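Going line by line, the protein sequences match chains A and B.
Count along the first sequence from 1, add 78, and you get the number used in the numbering used here.
Count along the second sequence from 1, add 78, and you get the number used in the numbering used here.
Number of protein chains: 2
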Amino acid sequence: MSENGAMPVGDVAEQPEQPWNRSRLRSSNERLLLGRLRSGGPASRAQLARDTGLSKPTVSSALAALEEAGLVHEVGTQAPERGRVAVLYAPDPAAGYALGVDIGRGWLRVAVADLDGAVVARADVRNRARTSGAMADLVVSTARQVVADSGVGAHEVAHAVVGTPGVYDEERRRVRYAMHLPGWGRAGLFDRMREELGIPLEVHNDANLAALGEYTYGVGAGSRLFAYIMIGTGLGMGVVSEGRLFTGAHGGAGEIGFLPWPGRPGPGTLEDAVSGEAVVEAARHFGMTGQLTAKAVFDAAREGREPAVEAVRLEGERIAYTVAAATAVLDPDLVVLGGGVGHSVDLLLRPVRETLRTLTPLRPRIVPGRLGEDAVLLGAVATALGTAREVVFERRSGS
Amino acid sequence: MSENGAMPVGDVAEQPEQPWNRSRLRSSNERLLLGRLRSGGPASRAQLARDTGLSKPTVSSALAALEEAGLVHEVGTQAPERGRVAVLYAPDPAAGYALGVDIGRGWLRVAVADLDGAVVARADVRNRARTSGAMADLVVSTARQVVADSGVGAHEVAHAVVGTPGVYDEERRRVRYAMHLPGWGRAGLFDRMREELGIPLEVHNDANLAALGEYTYGVGAGSRLFAYIMIGTGLGMGVVSEGRLFTGAHGGAGEIGFLPWPGRPGPGTLEDAVSGEAVVEAARHFGMTGQLTAKAVFDAAREGREPAVEAVRLEGERIAYTVAAATAVLDPDLVVLGGGVGHSVDLLLRPVRETLRTLTPLRPRIVPGRLGEDAVLLGAVATALGTAREVVFERRSGS
DNA sequence: GATAAAGTTAAGGAGCCTTACTAAGCGCGT
DNA sequence: ACGCGCTTAGTAAGGCTCCTTAACTTTATC
């Protein structure tokens, strides 16, 4: 075919790879209406016509189709300044549900949300499973329990998203780089969950989901490009660009644990140097004694005890280093710090900002996350929600 | 029409923000056909119908409209195994033209390309202007000359893209961070060019354009996410994600000159440590003497002269550092090295790869660029081409 | 002439828009 | 209080555009 010397040039990824027949046109307009109702709150037919540019009759007919399919419903009336009262419509949150799961190192969290994004049931379970198989079983049984608690039929849950440390390899359907969860890289684990749950299940990196969580429900709203740095047992970063996850070529974007780390030569990754354990180690080095945890060190620092303050300052310096690297590469307009150290981010902000000043002329806005430990779970819910809405919409006229 | 002032802008970034009336449907299908002809080569109506899923009559009528507008034309016939000969259609490259400009520190390059992306005229001019005003004048006069040489009417050039060091600030319409071009940050420079040329003009960072150039015409084809590292007088990176430039929140993505650089404490950015000048400095440090240029050092290294080899090795180590940082943050499937050192990248590859092995477990594919010094210019052309095609398409039924 | 593929013509239908209408509320003058 | 005019919400009817299916014509090979 392309025997003409000209190269295939500038083929920017264009959307319309599908022909537009009339029914596609109709569904596109229904989608437009639904989108307007979701983002702009309840509205009358006339208001929708003004907002979307469609004609009133078209709005009426499309809205009737959506109501018929159970995707929207009347939610009341509103009297304008003058004139006839308007009937208001809104998306029906009960048209479908989404399931979010956060498989953390200490806790397993599961939530079911309706299509409005409101969580209708939730469980937080201590994660004591010793084997990866037991862990998978725990996920399945907890998810079943939460769905049952929510009073929602299992087949009404349209989509599920699971957050886990490591990078999920779509090809081999297993997790890689999950160094803190032994056995978790085994093949077939997620296939098993998928099968036993009977719900389409997507797997994502926890830091990525946390980023999406803060973007959707937290401090990231409206950011053009923001980076979420998750500091806890491990170190990870999630990037949301133009409202979409930035995952890189193989889903490994944001694996900043692998940043070259000039701290000390020899083995030891940046991840080791920044994780919760490192704070404890630093505190010991500066003279703290006893049974230490990261939380204990931060608490001590809050009280102004010198060795702990020093340890936190050192931690801040190391975080500043990752922020500087991410900023130079990505140019975010917002950097969010969160993860296991969530409660103590306020202590870190100053050392991070001060160190940053010495490392680079760039000055990104740095703020603590708002969602704390729930960021991953809510991100999983938000992600599942996106697909669930799509699924529910697609099958509206199917059966 | 829609004089209702309050357009709710805070919507989530969903695609269909516009209503789909009938004429949009038609134009979408014409776009689909044109896209198929561009990417798949000449085709008959029947072939197009099979490829796109549209019906034969629809293809006939849409194609007739496109031909009427001068966007496609017959390019011959083809006899199938059996049956009537097919008339083949292809996009008409002469339906419009695009202008690309590379404002480099040493050279000014300008090219005009037709809608197929074939360069029809080009000029490379030594950049000797002493003031930013003189430089702007040189750009304008050279561009006019090239357009004249191409035999294309000025009004047929639908769009222009200029590549320059630094980051273009759309708000203030001026360049920032262009440290090596004195006065280049002055306001109004590009407005003047725009006005005097009478062509819509876009400004982009040179490294970004070079990345797009290598993606479109060079080694990057088909990459899901690739990073182009431009090493020359300065240091820059361009990132192409899913076929689109990744620019960050303020157009500053890839300003890796600002990466925290542990090399030596004190002032001096990574940019200073990696640029061409640094190679010369390193060579001096290792004992080379005389009137040195970066090219001379690389030539000497190619002949195996010890101090030059050492200097190049050091340069490779520093580049490896930037590659490691970019890889951890972005997860590219391809890293391309290019820029002023283009001819000598082969010498750098081994030290870069070896150093990288000691810095991070990640192993991105690293290759030299294919376009050499033309990457920025061709990237500007490719970018202008994208918009030019859109512009030409949009005004097809206007007049 | 049979077969096959390219392309056109004709008929039908889906979905949108415009125009014109009805429905329903409010203010105001009488 | 009542009706009239004004204003806004929503519906009905008709027309237009553009897509599809199906049948047909044209032109090639065997």
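Backbone N, C-alpha and C fix where the C-beta goes; we use that ideal spot for every residue, glycine too.
This structure is a prediction, so every number in the text was calculated from the model and none was measured.
Residue i versus the options, residue with shortest Cα-Cα distance
i, options, result
"H328/B", "T371/B, L103/B, R250/B and G296/B", "R250/B"
"P97/B", "P120/A, A140/A and S122/A", "A140/A"
"G298/A", "R114/A, V445/A, G131/A and G394/A", "V445/A"
"L392/B", "R428/B, A374/B, L440/B and Q369/B", "R428/B"
"H258/B", "T209/B, E248/B and V358/B", "T209/B"
"E292/A", "V459/A, Y255/A, N205/A and E432/A", "V459/A"
"P442/A", "H421/A, A453/A, R467/A and D409/A", "D409/A"
"P158/A", "Q125/A, V179/A and G321/A", "Q125/A"
"A232/A", "E333/A, D192/A, R254/A and R252/A", "D192/A"
"A403/B", "T436/B, R380/B, G417/B and A361/B", "T436/B"
"M271/A", "E248/A, A238/A and N283/A", "A238/A"
"W262/B", "V203/B, T242/B and V230/B", "T242/B"
"E320/A", "G365/B, F324/B and G382/B", "F324/B"
"A305/A", "L455/A, D129/A and T400/A", "T400/A"
"E355/A", "T367/A, S138/A, A372/A and T433/A", "A372/A"
"A265/B", "A236/B, V253/B and G195/B", "V253/B"
"A212/B", "D202/B, A176/B, L186/B and A226/B", "L186/B"
"G118/A", "T433/A, Y167/A and V198/A", "Y167/A"
"F471/A", "N99/A, R100/A, S101/A and S105/A", "S105/A"
DSSP beta-bridge partners of residue i
i, result
"N283/A", "T242/A"
"H237/A", "A176/A"
"A305/A", "V317/A and V413/A"
"Y167/B", "A121/B and E152/B"
"R322/B", "S319/B"
"P446/A", "L415/A"
"W185/B", "R204/B"
"D269/B", "Answer is none; D269/B lacks a bridge partner."
"D247/B", "R252/B"
Cross-chain neighbours of residue i in chain B, by beta carbon under 8 Å
i, result
"S122/A", "Those within 8 Å of S122/A in chain B number zero; the least Cβ separation is about 14 Å."
"R162/A", "Simply none; closest approach about 19 Å."
"H328/A", "D409 and D411"
"P338/A", "Y399, A402, A403, A406, L437 and T438"
"L287/A", "Correct list: empty, because the minimum Cβ distance to chain B is about 16 Å."
Start and end residues, alpha helix (DSSP H) containing residue i
i, result
"E478/B", "Residue 478/B is absent from the structure shown; chain B starts at 79 and stops at 477."
"L426/A", "V423 to L437"
"L144/B", "K134 to E146"
"V390/B", "E384 to L408"
"G211/B", "S210 to S228"
Residue i, DSSP secondary structure in three states
i, result
"R473/A", "coil"
"Q96/B", "coil"
"H363/A", "helix"
"Y255/A", "coil"
"V454/B", "helix"
"L463/B", "helix"
"L115/B", "helix"
"R380/A", "helix"
"V197/A", "strand"
"V375/B", "helix"
"A191/A", "strand"
"P343/B", "A caution first: P343/B carries a pLDDT of 44, below 50, which makes its placement in the model unreliable, though a value can still be read off. It is coil, neither helix nor strand."
"R109/B", "helix"
"T311/B", "coil"
"G127/A", "What sits at residue 127/A in the sequence shown is Ala, not Gly. Here A127/A sits in helix by DSSP."
"R441/B", "coil"
"G420/B", "helix"
"E333/B", "coil"
"L290/A", "helix"
Neighbouring residues, chain A, relative to residue i (Cβ below 7 Å)
i, result
"L132/B", "P97"
"I334/B", "A406 and V407"
"Y167/B", "Here the premise fails: no neighbours, minimum Cβ distance about 13 Å."
"L103/B", "W98 and L103"
Contact list for residue i against chain B, beta-carbon separation under 7 Å
i, result
"A497/A", "Within the shown structure, residues of chain A are numbered from 79 to 477, placing residue 497/A beyond reach of any answer."
Contact set between residue i and chain B, taken where Cβ atoms lie within less than 9 Å
i, result
"R302/A", "G326, A327 and H328"
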